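Everything on this sheet refers to the single structure shown next.
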Amino acid sequence: LEKYPSLLNNQTFDIYGTGPLHNHFERRLHSNSNIGKKVVLHGFSDKLDDILYKYDCLLHLCPTEPFGMVYLEAISAGLVIICPNRGSMIIEDNKTGILF
Numbered sequence: 002l003e004k005y006p007s008l009l010n011n012q013t014f015d016i017y018g019t020g021p022l023h024n025h026f027e028r029r030l031h032s033n034s035n036i037g038k039k040v041v042l043h044g045f046s047d048k049l050d051d052i053l054y055k056y057d058c059l060l061h062l063c064p065t066e067p068f069g070m071v072y073l074e075a076i077s078a079g080l081v082i083i084c085p086n087r088g089s090m091i092i093e094d095n096k097t098g099i100l101f
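Each number in our numbering corresponds to the 1-based position in the sequence shown with 1 added.
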């Protein structure tokens, strides 16, 4: 989003979950006011099954998803899934999601 700020014109991004880079990303968002207005880091949520229905798609960037529970939750909520072509074998390109 820093490299392609035009992606923020008509989109908002809600990011759920935590990981070793969470604090790093939080600092970057606070230091970039253009992105910080369109991207929200929510952290961990145990209510994703209630939250996912509000969205159009799931963009999952982690290439090491071990099983893919997040993919199953997104499928259950009717979301389009966009994810790496490695990691969990649950997503099949152009059938159950879009692989990159």
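No residue lacks a Cβ here, since even glycine has one placed at the ideal position from N, Cα and C.
Source: prediction; values computed, not measured.
Could you tell me if residue 72 is buried or exposed, where buried requires 16 or more neighbouring beta carbons within 10 angstroms of its beta carbon? Its Cβ being crowded by 16 or more others within 10 Å, residue 72 is buried.
Nearest to residue 80 by CA position, among 56, 88, 34, is which residue? Selected option, being the one with the closest Cα: 56.
Beta-carbon within less than 8 Å of residue 89's beta-carbon, same chain only, minus the 5 sequence neighbours each way: which residues are those? Residues 66, 67, 68, 69, 72 of the same chain have their beta carbon placed closer than 8 Å to that of residue 89, with the five preceding and five following residues left out of the count.
Using the Cβ count rule (16 or more neighbours within 10 Å means buried), how would you classify residue 8? Residue 8 comes out exposed.
Under 8 Å, with one C-beta from each stretch per pair, do the segment 10-22 and the segment 41-54 reach the 3-pair mark? Yes: at least three Cβ pairs fall under 8 Å.
Report the three-state DSSP secondary structure of residue 92 (helix, strand or coil). In the structure shown, residue 92 sits in coil (DSSP, three-state: anything other than H, G, I, E or B).
Here's the rule I'm using: 16 or more other beta-carbon atoms within 10 Å means buried, otherwise exposed. How should residue 62 be labelled? Exposed.
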